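Below is one structure, written out as structure tokens; comments come after it.
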Amino acid sequence: MLFLSITGFYPDDVQDNTLQFELDIDGSEMNEKVAQLIESKPLSELEPGELLLREDQVAALGALLNVSFPSGLEYFMGTCAKY
Numbered sequence: 224m225l226f227l228s229i230t231g232f233y234p235d236d237v238q239d240n241t242l243q244f245e246l247d248i249d250g251s252e253m254n255e256k257v258a259q260l261i262e263s264k265p266l267s268e269l270e271p272g273e274l275l276l277r278e279d280q281v282a283a284l285g286a287l288l289n290v291s292f293p294s295g296l297e298y299f300m301g302t303c304a305k306y
């Protein structure tokens with residue numbers, strides 16, 4: 224089963240590449256909503272790899288997921304699989 228994960232890192236100029244934020248999206252319905260919001264595609268059509276999220280996308284995700292994303296980070300969204 225595919226699901227989406229959102230990760231946050233400090234920008235490259237900070238010289239710290241450790242993971243600062245991680246959120247796995249639970250539930251197939253919410254994963255579909257996030258996929259449509261960010262990529263305008265069903266989850267099954269998303270490409271593998273990570274996508275750098277824009278600030279407006281992070282704000283929209285925060286509203287949809289009711290999550291407060293820490294400021295000062297670069298956020299990425301990627302597909303993952305549960306077996």
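Everything in the sequence shown is counted per my numbering, starting at 224 for the first residue and increasing by one.
For each residue, glycine too, the CB sits at the ideal point set by N, CA and C.
These numbers were taken from a predicted model, which means no experiment stands behind them.
Leu274 beta carbon less than 9 Å from that of Gly231: When the beta-carbon positions are compared, Gly231 and Leu274 stay at least 9 Å from each other.
- prompt: Is there a Cβ from chain D that is less than 9 Å from the Cβ of Asp247?
  reply: In the structure shown, chain D does not exist; there is a single protein chain.
task: Would you list the residues sitting across from Phe244 in a DSSP beta bridge?
output: Gly231, per the DSSP bridge assignment.
- prompt: For Gly295, does the three-state DSSP call read helix, strand or coil?
  reply: Annotated three-state conformation of Gly295 is coil, per DSSP.
- request: Look at the alpha carbon of Leu227 and the alpha carbon of Asp247, and state the distance between them as a whole number of angstroms.
  value: So the alpha carbons of these two residues sit roughly 6 Å apart.
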